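Just below is one structure, and these are the notes that go with it.
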Amino acid sequence: MADESALQHLCDETTCPICLEYFKDPVTVDCGHNFCQACLTQYWGKPGREASCPQCRVPCPQRDFKPNRQLASIVEIAKKFRLQRTRGAEALGKVCERHQEPLKLFCEDDQALICVVCDKSKEHREHKVIPKEEAFEEYKEKIVSQLELVNKERERILVSKLNVATEGQDLLKQTEIEREKIVAEFKQLHQFLEEQECRLLAKLKDLDDEIKATRNQHIAELSEKMSSMENLVKVMEEKQQQPADEFLQDIQSILQRCDANEWVKSPVFSPELKERLEKFSKIHPFLKPVIKTFQDTVLSRIRENEATLDAVPSPPCRARYHSLSRLKDAYDECHLPSTIKSHMDCIFYS
Numbered sequence: 021m022a023d024e025s026a027l028q029h030l031c032d033e034t035t036c037p038i039c040l041e042y043f044k045d046p047v048t049v050d051c052g053h054n055f056c057q058a059c060l061t062q063y064w065g066k067p068g069r070e071a072s073c074p075q076c077r078v079p080c081p082q083r084d085f086k087p088n089r090q091l092a093s094i095v096e097i098a099k100k101f102r103l104q105r106t107r108g109a110e111a112l113g114k115v116c117e118r119h120q121e122p123l124k125l126f127c128e129d130d131q132a133l134i135c136v137v138c139d140k141s142k143e144h145r146e147h148k149v150i151p152k153e154e155a156f157e158e159y160k161e162k163i164v165s166q167l168e169l170v171n172k173e174r175e176r177i178l179v180s181k182l183n184v185a186t187e188g189q190d191l192l193k194q195t196e197i198e199r200e201k202i203v204a205e206f207k208q209l210h211q212f213l214e215e216q217e218c219r220l221l222a223k224l225k226d227l228d229d230e231i232k233a234t235r236n237q238h239i240a241e242l243s244e245k246m247s248s249m250e251n252l253v254k255v256m257e258e259k260q261q262q263p264a265d266e267f268l269q270d271i272q273s274i275l276q277r278c279d280a281n282e283w284v285k286s287p288v289f290s291p292e293l294k295e296r297l298e299k300f301s302k303i304h305p306f307l308k309p310v311i312k313t314f315q316d317t318v319l320s321r322i323r324e325n326e327a328t329l330d331a332v333p334s335p336p337c338r339a340r341y342h343s344l345s346r347l348k349d350a351y352d353e354c355h356l357p358s359t360i361k362s363h364m365d366c367i368f369y370s
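The sequence shown begins at 21 in this note's numbering and counts up by one.
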């Protein structure tokens with residue numbers, strides 16, 4: 021067991037985390053992780069992708085890497101050692117425990133290797149039995165086919181994960197833009213509009229939180245699915261390297277895991293959420309002319325009633341919003357278009 025564990029550890033340390041094969045021309049990036057030179061170059065060469073370590077995501081702005089000749093030597097040693105172990109196991113072969121005959125046949129019903137004596141027994145007489153080599157080739161083809169599908173599925177998940185993160189960031193940028201517009205306009209109305217400003221910002225904050233929560237939840241789910249896919253790929257690739265006896269032992273369970281790992285893409289950010297954000301983007305265009313009209317009406321109202329104001333003159337900006345009740349009265353007297361006034365009614369009286 022200790023030898024097997026050591027061998028497995030050696031294989032893990034000499035395997036590229038991108039292609040999951042033995043390192044080819046291994047190179048080391050700044051953070052210390054190793055990759056095949058071709059794999060790293062291809063990874064960094066994809067459009068729109070920032071240069072970073074594929075394993076720990078540490079930025080590599082200079083796109084520098086150094087050849088790791090010592091690791092290349094270790095890889096060659098690991099390959100030779102693995103090959104010797106494989107040939108030794110094949111030379112020894114396995115025999116039937118009951119009949120001490122070579123296990124040359126494969127029972128598809130029981131998913132087990134059997135000998136020619138077992139094949140003629142009652143236990144297997146009605147079963148579908150084929151030569152071990154034929155079973156090996158048949159199931160190896162299935163594994164290759166499933167591996168291709170899983171790799172494609174893994175790539176789809178990776179693309180979706182990046183798209184979710186990008187779309188979430190774009191939506192958050194939109195909310196930030198709308199926040200700046202709303203704050204800039206509401207500052208002009210001071211006391212009266214301060215309460216309404218806080219209300220809108222609170223709703224926008226809720227939308228922020230909902231976007232972030234949705235984004236984080238789906239990224240976490242995709243990451244978990246990605247991890248499962250990568251583990252399955254590793255298992256199948258290791259399975260491909262095994263001799264027929266070991267290869268066929270649990271082949272059906274691996275194929276069932278492939279079927280169970282099918283991933284179905286579903287919408288991430290709901291239309292209702294985007295519609296709420298769209299409503300925020302429509303607030304700013306009507307605020308500016310409304311506030312200008314509103315301010316002019318307020319100033320006119322104040323000038324008409326100068327005699328009722330405090331004896332000590334106030335600065336224009338304070339006089340404009342001297343009284344909340346006067347401000348509402350002035351708004352009610354504004355002759356605004358019906359579409360604009362309906363929006364303002366929702367803000368002032370909701």
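The beta carbon of each residue, even a glycine, is placed where N, CA and C say it ideally should be.
Since this is a predicted model, take the numbers as computed values, not measurements.
- Within the model, the alpha-carbon separation for residue 53 versus residue 287 is close to 35 Å.
- Of the candidates 253, 140 and 103, 103 places its Cα closest to the Cα of residue 263.
- When C-alpha distances from residue 273 are compared across 29, 166 and 191, the shortest belongs to 166.
- If you look at residue 137, you'll find it in the alpha helix (DSSP H) that goes 136 to 139.
- The three-state reading of DSSP puts residue 150 in strand, counting E and B together.
- Here residue 59 carries a helix assignment [DSSP, helix/strand/coil].
- By the beta-carbon neighbour count (other beta carbons within 10 angstroms, threshold 16), residue 29 is exposed.
- Under the three-state reduction of DSSP output, residue 201 falls in the helix class.
- Annotation for residue 297: no beta strand (DSSP E) segment contains it, though the alpha helix (DSSP H) segment containing it runs 291 to 301.
- Within the same chain, and ignoring the five residues on either side of residue 84 in sequence, the residues whose Cβ sits closer than 8 Å to its Cβ are 49 and 50.
- If you draw a straight line from the Cα of residue 199 to the Cα of residue 221, it comes to about 7 Å.
- Residue environment for residue 188: buried (at least 16 other C-beta atoms within 10 angstroms of its C-beta).
- For residue 121, the CB contacts under 7 Å within the same chain, skipping 5 residues up- and downstream, are 115, 135, 136 and 137 in chain order.
- Secondary structure note for residue 126: its beta strand (DSSP E) is the uninterrupted segment 125 to 127.
- In summary, residue 290 is exposed, with fewer than 16 beta-carbon neighbours lying within 10 Å of its beta-carbon over all protein chains present.
- Residue 117 and residue 41 have their C-alpha atoms roughly 36 Å apart.
- Looking at the backbone, the Cα of residue 79 and that of residue 162 are separated by about 39 Å.
- Excluding residues up to 5 positions away in sequence, 195, 293, 296, 297 and 300 lie with their Cβ nearer than 8 Å to the Cβ of residue 227 in the same chain.
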